[in-house]
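Okay, so here's the structure we're looking at.
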Amino acid sequence: MIKEKSGKVIFFMIFMFTIVVSVLLADVQSKKKIGILKKILVANSLKIRNNDLIIVSNYKVYHYELNGENIRFVKSFGKKGEGPGEFKTIPEIILNSKNIITYTPYKIIFFDFNGKLKKEIRMKNNGIYLLSNSIIVESLDMIKKGFDVKCFDLSGKYKSYISFIRTPVSIIDSGQEHVFDLLCGESLLDVSKDNIFIIKDSRNFVISVYNSKGKKLYDISKGYKKIKVSDKIKKIYIKRFKKEKKQMLNIMRKINIKVKFAFPEYFPAISYFFVRGNDLIVKTYEKKGDKYKWLILDKKGKSKNALYLSDKIKDTLIDYDNHRFYYLLFNEDSDYYELYTEKNSGN
Numbered sequence: 002m003i004k005e006k007s008g009k010v011i012f013f014m015i016f017m018f019t020i021v022v023s024v025l026l027a028d029v030q031s032k033k034k035i036g037i038l039k040k041i042l043v044a045n046s047l048k049i050r051n052n053d054l055i056i057v058s059n060y061k062v063y064h065y066e067l068n069g070e071n072i073r074f075v076k077s078f079g080k081k082g083e084g085p086g087e088f089k090t091i092p093e094i095i096l097n098s099k100n101i102i103t104y105t106p107y108k109i110i111f112f113d114f115n116g117k118l119k120k121e122i123r124m125k126n127n128g129i130y131l132l133s134n135s136i137i138v139e140s141l142d143m144i145k146k147g148f149d150v151k152c153f154d155l156s157g158k159y160k161s162y163i164s165f166i167r168t169p170v171s172i173i174d175s176g177q178e179h180v181f182d183l184l185c186g187e188s189l190l191d192v193s194k195d196n197i198f199i200i201k202d203s204r205n206f207v208i209s210v211y212n213s214k215g216k217k218l219y220d221i222s223k224g225y226k227k228i229k230v231s232d233k234i235k236k237i238y239i240k241r242f243k244k245e246k247k248q249m250l251n252i253m254r255k256i257n258i259k260v261k262f263a264f265p266e267y268f269p270a271i272s273y274f275f276v277r278g279n280d281l282i283v284k285t286y287e288k289k290g291d292k293y294k295w296l297i298l299d300k301k302g303k304s305k306n307a308l309y310l311s312d313k314i315k316d317t318l319i320d321y322d323n324h325r326f327y328y329l330l331f332n333e334d335s336d337y338y339e340l341y342t343e344k345n346s347g348n
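When we follow my numbering, the leftmost residue of the sequence shown carries the number 2, and every step to the right adds one.
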């Protein structure tokens, strides 16, 4: 009888050990390091399309080519300046099927994938720009309650206008006092083909979809797990904000503007989102250990899969292509950036 019980215990322990090992191996196998990027000293943003990996590092654009799990440096281009093909500030970057597109204040530049300058478009406003293969979308006045979204064709010709009210707002300005909502969310919109995806209300899971003529097509609305904002979390966010916005806060202090911070009772539903191909990629505030939950949805909001990815990944240093996430992590021991990939096994 004792031997029989002992045998069952041993069998159960082996069974549980096998499950634990399988889970650990699955996690290791899904996350793969592709390579070390020794040329990148500071990574500002990352984009990938098919086999082309594009990274902005200060005023330079670096082009790498991916071949399976191997990476090859192709070339770098760009420099600081105000001449043709030059950047007045560190550029933001967008890829479409034919172009590497950069934008800085008042200027959008089109390069081919060899880094050759194709054309420049001068814009009237210092906005945030997003592009597809057929439209330019300009977003303005995002610190106010309302902001404008304007659509242009790829020559810069005006097409349509959307006036949009977003809640909550990131800054509440009352003269000599500024209240910063530190959990308002930064990612406001993205573009896919001729459609514009806009976060309507980050406190709830609502993304509104418009066409380039300014007509609202539909809302994507989903339930989500509500996570309470603790005092510990508030201190972390305030400390991070003061560090990142030190210069701005010093200026405000000199002109006697009081600064306060506001937090909702619960985390917003959406931390960050972008659209790639037929997929809507959403980062949530839900965590499992040291990983955030990312959702893969279709463009109507239907769930396709969910993955948990490291909380060390910066929003500007991750992209999604061909059912895979690609992201950079900085290795503090080697002082180099490392490129990783994780497969969306739901596809």
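A virtual CB, placed ideally from N, CA and C, is assigned to each residue, including glycine. Keep in mind the model is a prediction, meaning the values are calculated, not measured.
One thing to note: Leu340 has its Cβ within 8 angstroms of the Cβ of Ile72. Using a Cβ distance threshold of 8 angstroms, Tyr65 and Val75 count as a contacting pair. In its chain, beyond the 5 residues on either side, Asn196, Val210, Tyr211, Asn212 have a beta carbon closer than 8 angstroms to the beta carbon of Leu218. For Tyr328, the uninterrupted beta strand (DSSP E) segment begins and ends at 325-332.
The way I'd put it, the stretch 37-56 does touch the stretch 74-94; three or more beta-carbon pairs between them come closer than 8 angstroms. In this structure, the beta-carbon distance from Ile136 to Lys119 does not fall below 8 angstroms. Asp149 and Asp334 have their C-alpha atoms roughly 45 angstroms apart. A straight line joining the alpha-carbon of Asn68 with that of Leu54 spans about 11 angstroms. Under a 10 Å Cβ-count criterion, Ile200 is classified as buried, with 16 or more other Cβ atoms of the shown protein chains found around its own Cβ.
DSSP places Ile136 outside both helix and strand once states are collapsed to three, so it counts as coil. Under the three-state reduction of DSSP output, Ile94 falls in the strand class.
Unbroken alpha helix (DSSP H) runs of no fewer than 4 residues, entirely contained in the stretch 246-306, are found at 247-255, following chain order. Here Asn345 is buried, its C-beta having at least 16 other C-beta atoms within 10 Å. Spatial neighbours of Asn45 in its own chain (CB-CB distance under 6 angstroms, excluding positions within 5 residues in sequence) are listed in chain order as Val57, Ile91.
By DSSP's assignment, Asn71 forms a beta bridge with Asn68. In this model, Tyr104 and Glu266 are separated by some 36 angstroms (Cα to Cα). By the criterion of at least three beta-carbon pairs nearer than 8 angstroms, the stretch 299-308 is not in contact with the stretch 228-241. Ranked by Cα distance from Ile110, the first of Ser311, Asn100, Glu121 is Glu121.
Between His324 and Met253 the beta-carbon gap is near 45 angstroms, outside 8 angstroms, which marks them as no contact. Per DSSP, the continuous beta strand (DSSP E) segment holding Ser209 begins and ends at 206-212. With fewer than 16 other Cβ atoms inside 10 Å of its own Cβ, Lys313 counts as exposed. In the three-state DSSP reduction, Asp316 falls in the helix class (H, G or I). Val57 is bridged by DSSP to Ser46, Val62.
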